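Chemist:
Protein chains: 2
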Amino acid sequence: MTVIAPGMEIGILGGGQLGRMLALAAARLGLKAHIYCPEDESPAAQVAHAVTVADYDDRAMLDKFADAVALVTYEFENIPLATVKRLARRAPLWPGIDALGVAQDRLREKRFLQSIGIETAPFAAVDTQADMAAAVDVIGLPAVLKTRTLGYDGKGQFMLRDGAQCDEAWLAIGQAPAILEGFVGFEREVSVIVARAISGELACYDVAENEHRNHILDLSTVPAAIEKATADQAQTIAKTVATALNYVGVLAVEMFVCPGGQLIVNEIAPRVHNSGHWTIDACLVSQFEQHIRAICGWPLGAARRHSDARMRNLIGEEAEDWATLIGDRTAALHLYGKGAARPGRKMGHVTEIFPLGALSTGR
Amino acid sequence: MTVIAPGMEIGILGGGQLGRMLALAAARLGLKAHIYCPEDESPAAQVAHAVTVADYDDRAMLDKFADAVALVTYEFENIPLATVKRLARRAPLWPGIDALGVAQDRLREKRFLQSIGIETAPFAAVDTQADMAAAVDVIGLPAVLKTRTLGYDGKGQFMLRDGAQCDEAWLAIGQAPAILEGFVGFEREVSVIVARAISGELACYDVAENEHRNHILDLSTVPAAIEKATADQAQTIAKTVATALNYVGVLAVEMFVCPGGQLIVNEIAPRVHNSGHWTIDACLVSQFEQHIRAICGWPLGAARRHSDARMRNLIGEEAEDWATLIGDRTAALHLYGKGAARPGRKMGHVTEIFPLGALSTGR
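Just so you know, the protein sequences line up as chains A and B, in that order.
Quick note: the first sequence uses my numbering, first residue -4, plus one each step.
Quick note: the second sequence uses my numbering, first residue -4, plus one each step.
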């Protein structure tokens, strides 16, 4: 196996804010970031040592990119499998094709979780419109119809409250292979960010409690207001998932906390995750640095917090308020270098930190 | 005055590790960094949005650079005054020419400090070889002969223990205009990093205690093992210097602590400083971010620590031990992306953090 050393070039597929923060973390460790994405002037390109602007199906450019870098990783899971397969023939690629395949397909993901004994919402496959009625019979209502692939931030989803909505739902999600998920009556949403090294070593951050607005993450608070036993179990679940996938890198596991503390895994993201941005300011080693360490075959850092933290996303025009936000002396402002503040677009985030215990006492 | 907004380009003169860490801090705030330096493949260029590789006396390139950026700052004080003067005609330039002029010349620096009532070592100007004997008579021995300009990390200095060394000393420092400084019997070396905004607002970090090896900073520990009254006075001195210079940006003040707690200012650096690198890992807002905030006309962040800290420089081949260093789970490794590990070259640093109070209790 290639030993990755400082000075080498890390290839990152995707030019968004996650790629940008990965590139910044790589820089801190003396590594060079090489961004591959179709967009000119992407957030990640602004801080990278090298940039390839090309489509994800441009075979010649993919080959050139793979040959230029010491290894390849990615900042988003909706990357074509053919792209990563082609790259993996010429360069080490982490977290790897298997984990990506599982995370790209909600049905495979749920079946995988079930196979390793982890609870999910009840689900049924919906391959055609004709499957809808039977799925509703099995799962009950309310339920959510979700495309198997390419969904994020609530896109590709339809909430069914009535059996008469079957056709409407099928049309709304674009008549694509789907999964019908039973509604889970949860008390809170939490997530766990876990890193797994090539050696199998794990580093697991404390559980974050997440609040969404318009299906987009709004607020992450650490620690989550849950019992210690529940928090421990959430971390165990995340570690179990990472190990079962033979995962290398940072993985996020989103869960619902039900009354009584029962945990239901909602989805897994095979990458650094929005609900882990607080780690930049509240930990010595952030999720971004952990990912870089893991894929380089280096030992992981400690996932210990030095502070409690509350991270708030800046969505769309919220970032235009930067002049006020920068004046908050208890908070760190992070902006992603995006030009146009389109509605729903993640433009930045703000992290407040507090002495350890301050947030758990106050809740 | 130009209002600097996220998305704009910050010009930085100098491509070393300080420019690199300034560029990374600018990126976090959504700003683009444009590095100007004569070297190809500089540490700062690896993480910058734009790079101009040209000499500091290349007038056409300086003008083009000044026109491309929203403002200019610098990462080192030994930049030709003619360069900054030329740039300042076309773009806002901070911390400013006056502070640079004072800091570039040890004699002006000492006289300035004296003029605002701050104690320095006894000193005498040595403009020619003929001045040496008289200077030694006034200052006494031991004493250190230092070039007035261009010295750093012990370069351009000669320690005199005997009056017979006058000629040797004069030759050793290159027969340049110099200053003879009386020897100060100090107990420890400390430094204070202070930021001053365009509004005059000040943010002052806690006092760091510094240990040198071969005239190069080896270790900075925060807090310094000094009385609270001494620490308060050290911060007052730093704030007094920044205000008297009408300074904008981050300034470092190095001091000797003498028996009884008397403070003697050794030198000032009109820039982010090696003894402030611990702020990256032990504060929400680092010295680099403070500098960017200050020169952009933004409010300063809090200079509060969330942790005690110990920063160790990696000099020359010490950085080749990165594979061991990365395994220390209590420490953050920072590498500067430099190729050749020449003796005495600053290649990176390691910061350990500890809960607040841990280091002061232990000493």
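Here a beta-carbon is modelled for each residue, glycine too, at the ideal position from N, C-alpha and C.
None of the values given here were measured: they were computed from a predicted structure.
Given A/L8, which residues of its chain have a CB within under 6 Å of its CB, disregarding the five upstream and five downstream residues?
Modeler: Here residue 8 of chain A refers to the residue found at position 13 when the first sequence is read from its first residue. Cβ neighbours of A/L8 beyond the five flanking positions: Y31, Y69 and I74.
Chemist: Give a yes or no on whether the C-beta atoms belonging to A/E72 and A/P338 are separated by under 8 Å.
Modeler: Reading the first sequence from its first residue, position 77 is the one you call residue 72 of chain A. Reading the first sequence from its first residue, position 343 is the one you call residue 338 of chain A. Taking 8 Å as the Cβ cut-off, A/E72 and A/P338 do not qualify as a contacting pair.
Chemist: Considering just the uninterrupted stretch of the beta strand (DSSP E) at A/S215, what are its terminal residues?
Modeler: If you number the first sequence from 1, residue 215 of chain A lands on position 220. Counting along the chain, the beta strand (DSSP E) containing A/S215 begins and ends at I211 to V217.
Chemist: Any residues in the stretch 153 to 182 of chain A with a beta carbon nearer than 9 Å to a beta carbon of chain B? Which ones, in chain order?
Modeler: Taking 9 Å as the Cβ-Cβ cut-off against chain B, none of the residues of the stretch 153 to 182 of chain A qualify.
Chemist: By the 7 Å beta-carbon criterion, what residues does the stretch 296 to 311 of chain B contribute toward chain A?
Modeler: Against chain A - using a Cβ distance shorter than 7 Å - the residues of the stretch 296 to 311 of chain B are G296, A297, H301 and S302.
Chemist: Identify whether B/Q160 lies in helix, strand or coil by the three-state DSSP scheme.
Modeler: Reading the second sequence from its first residue, position 165 is the one you call residue 160 of chain B. In this structure, B/Q160 counts as helix in the three-state DSSP scheme.
Chemist: When the distance is taken between beta carbons, is B/A229 closer than 8 Å to B/V187?
Modeler: Here residue 187 of chain B refers to the residue found at position 192 when the second sequence is read from its first residue. Here residue 229 of chain B refers to the residue found at position 234 when the second sequence is read from its first residue. In this structure, B/A229 lies closer than 8 Å to B/V187 by Cβ.
Chemist: Tell me, to the nearest whole angstrom, how far the beta carbon of A/L320 is from that of A/V280; I am working on the premise that it is less than 8 Å.
Modeler: If you number the first sequence from 1, residue 320 of chain A lands on position 325. If you number the first sequence from 1, residue 280 of chain A lands on position 285. Not really, about 25 Å apart at Cβ, beyond 8 Å.
Chemist: When you compare each of B/T235, B/F60, B/I211 and B/P87 to B/Q109 by their alpha carbons, which one comes out closest?
Modeler: Taking the second sequence and counting its residues from 1, one reaches residue 109 of chain B at position 114. For the residues B/T235, B/F60, B/I211 and B/P87, the minimum Cα distance to B/Q109 belongs to B/T235.
Chemist: So which residues on chain A does B/D276 lean against when the C-beta distance must stay under 7 Å?
Modeler: Along the second sequence, read from residue 1 onward, the residue named residue 276 of chain B stands at position 281. Per Cβ cutoff of 7 Å: L279.
Chemist: Express the C-alpha separation of B/A18 and B/A138 in angstroms, rounding to a whole number.
Modeler: Working through the second sequence from its first residue, we reach residue 138 of chain B at position 143. Working through the second sequence from its first residue, we reach residue 18 of chain B at position 23. Roughly 39 Å separates the two Cα atoms.
Chemist: Does the beta-carbon of A/R156 have 16 or more other beta-carbons within 10 angstroms, so that it is buried, or is it exposed?
Modeler: The count along the first sequence starts at 1 and reaches residue 156 of chain A at position 161. It is exposed - the Cβ of A/R156 has fewer than 16 other Cβ atoms within 10 Å.
Chemist: Under 8 Å by Cβ, that's how I've got B/A49 and B/P38 pegged, so tell me the actual separation to the nearest angstrom.
Modeler: As a first step, residue 49 of chain B must be located in the second sequence, where it is residue number 54. As a first step, residue 38 of chain B must be located in the second sequence, where it is residue number 43. Contact flag wrong, Cβ pair sits at about 17 Å.
Chemist: Taking B/V243 as the reference, give the member of B/K105, B/M154 and B/V189 with the closest Cα.
Modeler: The residue labelled residue 243 of chain B in the question sits at position 248 within the second sequence. Among B/K105, B/M154 and B/V189, the Cα nearest to that of B/V243 is on B/V189.
Chemist: Would you report the Cα separation of B/W89 and B/P254, rounded to the nearest angstrom?
Modeler: Position 94 of the second sequence holds residue 89 of chain B. Position 259 of the second sequence holds residue 254 of chain B. One C-alpha to the other measures close to 37 Å.
Chemist: Taking the beta strand (DSSP E) that A/I221 falls in, what are its first and last residues?
Modeler: Along the first sequence, read from residue 1 onward, the residue named residue 221 of chain A stands at position 226. Neither: A/I221 is in no beta strand (DSSP E) and is coded neither H nor E.
Chemist: Would a check of beta-carbon distances place B/G357 closer than 8 Å to chain A?
Modeler: Taking the second sequence and counting its residues from 1, one reaches residue 357 of chain B at position 362. Reliability fails at B/G357, whose pLDDT of 44 lies under 50, so the model's placement of it is uncertain and no value is given.
Chemist: Report back the beta-carbon spacing between B/F283 and B/A20 to the nearest angstrom; my notes put them in contact at under 8 Å.
Modeler: Residue 283 of chain B sits at position 288 when you count from the first residue of the second sequence. Residue 20 of chain B sits at position 25 when you count from the first residue of the second sequence. Contact flag correct, Cβ pair sits at about 4 Å.
Chemist: Measure the beta-carbon distance from A/A98 to A/I92 and round it to whole angstroms, keeping in mind my assumption that it falls under 8 Å.
Modeler: Counting from 1 along the first sequence, the entry for residue 98 of chain A is found at position 103. Counting from 1 along the first sequence, the entry for residue 92 of chain A is found at position 97. Actually they are not in contact, since the Cβ atoms of A/A98 and A/I92 sit about 11 Å apart, beyond 8 Å.
Chemist: Mind listing the chain A neighbours of B/L328? Cutoff is C-beta to C-beta under 7 Å, in chain order.
Modeler: Start at 1 with the first residue of the second sequence, and residue 328 of chain B comes out as number 333. Within chain A, the residues near B/L328 are L24.
Chemist: For A/D126, does the three-state DSSP call read helix, strand or coil?
Modeler: Reading the first sequence from its first residue, position 131 is the one you call residue 126 of chain A. Looking at A/D126 - three-state DSSP - the assignment turns out to be helix.
Chemist: Between the beta-carbon of B/M3 and the beta-carbon of B/A55, is there less than 8 Å?
Modeler: As a first step, residue 3 of chain B must be located in the second sequence, where it is residue number 8. As a first step, residue 55 of chain B must be located in the second sequence, where it is residue number 60. The answer is no: Cβ separation not under 8 Å.
Chemist: If you follow the beta strand (DSSP E) that B/A138 is in, where does it begin and where does it stop?
Modeler: Counting from 1 along the second sequence, the entry for residue 138 of chain B is found at position 143. Its beta strand (DSSP E) spans residues A138 to T142.
Chemist: Would you verify that the beta carbon of A/V185 is, or is not, closer than 8 Å to some beta carbon of chain B?
Modeler: The residue given as residue 185 of chain A occupies position 190 in the first sequence. Output row for A/V185: interface = no.
Chemist: Please report whether the beta-carbon of B/Y331 lies at a distance below 8 Å from any beta-carbon of chain A.
Modeler: The count along the second sequence starts at 1 and reaches residue 331 of chain B at position 336. By this cut-off, B/Y331 is an interface position.
Chemist: Under 8 Å between beta-carbons, which chain A residues line up against B/K27? List them in chain order, please.
Modeler: In the second sequence, residue 27 of chain B corresponds to position 32, counting from 1. Going along chain A in sequence order, the residues near B/K27 (Cβ under 8 Å) are Q41 and G332.
Chemist: Can you tell me the Cβ-Cβ gap for B/V252 and B/I221, rounded? I've got them flagged as a contact below 8 Å.
Modeler: Locating residue 252 of chain B in the second sequence gives position 257, where the first residue counts as 1. Locating residue 221 of chain B in the second sequence gives position 226, where the first residue counts as 1. Going by Cβ atoms, the distance from B/V252 to B/I221 rounds to 6 Å, so yes, they are a contact pair.
Chemist: If you reduce the DSSP assignment to three classes, tell me which class A/E176 lands in.
Modeler: Walking along the first sequence from the start, residue 176 of chain A turns up at place 181. Reduced to three states, the DSSP call for A/E176 is strand.
Chemist: Give the residues of chain E in contact with A/P1, contact being defined as C-beta atoms less than 7 Å apart.
Modeler: No chain E is present in this structure, whose protein chains are A and B.
Chemist: So is A/D100 buried or exposed if we call it buried at 16+ other beta carbons inside 10 Å?
Modeler: The residue labelled residue 100 of chain A in the question sits at position 105 within the first sequence. Buried, by the Cβ-count rule.
Chemist: Could you give the residue range of the alpha helix (DSSP H) that holds A/L17?
Modeler: The residue labelled residue 17 of chain A in the question sits at position 22 within the first sequence. Element bounds for A/L17: Q12 to R23.
Chemist: Could you tell me whether the Cβ atoms of B/F153 and B/A171 are closer together than 8 Å?
Modeler: Looking up residue 153 of chain B in the second sequence gives position 158. Looking up residue 171 of chain B in the second sequence gives position 176. No. Outside cutoff.
Chemist: For A/R358, count neighbouring Cβ atoms within 10 angstroms of its own Cβ and tell me buried if that reaches 16, exposed if not.
Modeler: Against the first sequence, residue 358 of chain A aligns to sequence position 363. Note that A/R358 scores a pLDDT of 47, beneath 50, so its modelled location is shaky and nothing firm can be said.
Chemist: Is the Cβ-Cβ distance between B/I(-1) and B/A28 less than 8 Å?
Modeler: Working through the second sequence from its first residue, we reach residue -1 of chain B at position 4. Working through the second sequence from its first residue, we reach residue 28 of chain B at position 33. Going by C-beta atoms, B/I(-1) is not nearer than 8 Å to B/A28.
Chemist: Where does B/T346 sit, in a helix, a strand or coil, going by DSSP?
Modeler: Here residue 346 of chain B is taken as the residue at index 351 of the second sequence, counted from 1. Three-state result, B/T346: strand.
Chemist: Of all the options B/L26, B/R23 and B/D35, which has the alpha carbon lying nearest to the alpha carbon of B/G334?
Modeler: The residue given as residue 334 of chain B occupies position 339 in the second sequence. Checked all of B/L26, B/R23 and B/D35; the closest Cα to B/G334 is B/D35.
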